[in-house]
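Okay, structure first, notes after.
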Amino acid sequence: DAMVIQNPRYQVTQFGKPVTLSCSQTLNHNVMYWYQQKSSQAPKLLFHYYDKDFNNEADTPDNFQSRRPNTSFCFLDIRSPGLGDAAMYLCATSRVWLSKETQYFGPGTRLLVL
Amino acid sequence: AQTVTQSQPEMSVQEAETVTLSCTYDTSESNYYLFWYKQPPSRQMILVIRQEAYKQQNATENRFSVNFQKAAKSFSLKISDSQLGDTAMYFCAFMKPRNYGGATNKLIFGTGTLLAVQP
Numbered sequence: 118d119a120m121v122i123q124n125p126r127y128q129v130t131q132f133g134k135p136v137t138l139s140c141s142q143t144l145n146h147n148v149m150y151w152y153q154q155k156s157s158q159a160p161k162l163l164f165h166y167y168d169k170d171f172n173n174e175a176d177t178p179d180n181f182q183s184r185r186p187n188t189s190f191c192f193l194d195i196r197s198p199g200l201g202d203a204a205m206y207l208c209a210t211s212r213v214w215l216s217k218e219t220q221y222f223g224p225g226t227r228l229l230v231l
Numbered sequence: 019a020q021t022v023t024q025s026q027p028e029m030s031v032q033e034a035e036t037v038t039l040s041c042t043y044d045t046s047e048s049n050y051y052l053f054w055y056k057q058p059p060s061r062q063m064i065l066v067i068r069q070e071a072y073k074q075q076n077a078t079e080n081r082f083s084v085n086f087q088k089a090a091k092s093f094s095l096k097i098s099d100s101q102l103g104d105t106a107m108y109f110c111a112f113m114k115p116r117n118y119g120g121a122t123n124k125l126i127f128g129t130g131t132l133l134a135v136q137p
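Protein chains in written order, with the working numbering: chain A, 118 to 231; chain B, 19 to 137.
What follows is the structure, given as structure tokens:
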């Protein structure tokens with residue numbers, strides 16, 4: 118089945134130790150998104166890639182970066198995680214074609230910062 | 019700026035009964051999309067239903083239907099014959115359509131309604 122896959126599902130890191138979260142998709146969607154979701158809150162968009170074009174949200178901290186080496190993969194890099202970065206990180210994809218922009222989400226990676 | 023409001027933080031319904039979740043939004047746009055997403059505990063967020071603002075007919079997906087009132091800027095979700103598996107956080111979301119040739123637009127989420135289906 119076509120899907121959005123996130124690895125790992127759970128990630129534990131130490132304060133200040135860089136961490137990378139991975140997202141891959143078999144949907145051949147041209148847009149990939151990264152959201153941060155804290156407990157009992159709505160997801161908050163960090164940034165997205167429209168094909169190779171990177172679009173950062175104005176309030177996304179510099180500590181968060183992303184890479185998209187090809188259509189299928191997108192990475193979220195947190196350079197120096199702080200305790201406040203502990204959250205669920207959701208990857209989503211969409212296909213911009215005839216305005217059918219429904220976003221499909223992966224299962225998420227839960228990040229714990231010690 | 020667009021906003022989405024879900025005024026019911028938590029709701030409860032008995033199995034097999036019907037429940038309606040409320041959502042209102044604010045926008046000056048005439049064309050847009052509205053979505054309901056479901057996020058079960060510790061599980062993946064999935065699309066429940068989608069409505070395009072230019073369509074007057076309310077969207078339906080099996081037991082899920084919406085009451086879309088464009089003038090009132092209201093977009094409620096009705097779940098019929100509630101099942102235990104419907105227990106989840108439900109998010110209402112708004113999206114402007116992408117301008118032709120422009121960057122895609124982001125989902126604006128409400129704060130969510132936690133629905134518990136009781137046996």
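For every residue, glycine included, the Cβ atom is placed at its ideal position computed from N, Cα and C.
- Each of A:ASP179, A:ARG184, A:LEU207 and A:SER211 was checked against the Cα of A:SER197, and the nearest Cα belongs to A:ASP179.
- Judged by DSSP in its simplified three-state form, B:ASP104 adopts helix.
- Within the DSSP bridge table, the entry for B:CYS41 names no partner.
- It is roughly 16 Å from the alpha-carbon of B:ASN76 to the alpha-carbon of B:ALA111.
- B:LYS124 has a beta carbon lying within less than 7 Å of a beta carbon in chain A.
- The way I'd put it, the segment 88-98 of chain B does touch the segment 35-50 of chain B; three or more beta-carbon pairs between them come closer than 8 Å.
- Around the beta-carbon of A:PHE171, fewer than 16 other beta-carbon atoms lie within 10 Å, marking it exposed.
- Under the Cβ distance rule, A:LEU162 counts among the residues neighbouring chain B, one pair being separated by less than 7 Å.
- Its chain contains LEU193, TYR206 and THR226 as the residues whose beta carbon lies nearer than 6 Å to that of A:LEU138, once the 5 sequence neighbours on both sides are disregarded; these appear in chain order.
- Among the residues of chain B, none has a CB under 8 Å from the CB of A:THR210; the nearest is roughly 11 Å distant.
- The C-alpha of B:ARG81 is placed about 30 Å away from the C-alpha of A:MET149.
- Judged by DSSP secondary structure, A:VAL213 falls outside any beta strand (DSSP E); it is assigned neither H nor E.
- For the 7 Å CB-CB criterion, A:ALA209 and A:PHE222 form a contact.
- Boundaries of the beta strand (DSSP E) around A:ARG227: 226-230.
- Residue range 28-32 is occupied by the beta strand (DSSP E) that includes B:SER30.
- In the three-state reduction of the DSSP assignment, A:ASP170 falls in the strand class.
- Under DSSP, B:VAL22 shares a beta bridge with B:TYR43.
- If you draw a straight line from the Cα of A:ARG126 to the Cα of A:TRP151, it is about 15 Å long.
- For B:GLY103, no CB of chain A lies under 7 Å from its own CB, so it is not counted at the interface with that chain.
- The beta carbon of A:PHE222 sits closer than 7 Å to some beta carbon of chain B.
- About 6 Å separates the Cβ atoms of A:VAL230 and A:THR130, confirming a contact at the 8 Å cut-off.
- Using a CB distance cut-off of 7 Å, B:ARG68 counts as an interface residue toward chain A.
- Within the same chain, Cβ atoms closer than 6 Å to the Cβ of B:TYR72 are found at ASN49, the five residues on either side in sequence being excluded.
- Annotation for A:GLN142: the continuous beta strand (DSSP E) segment containing it runs 136-142.
- DSSP places A:TYR150 inside the beta strand (DSSP E), whose first and last residues are 148-154.
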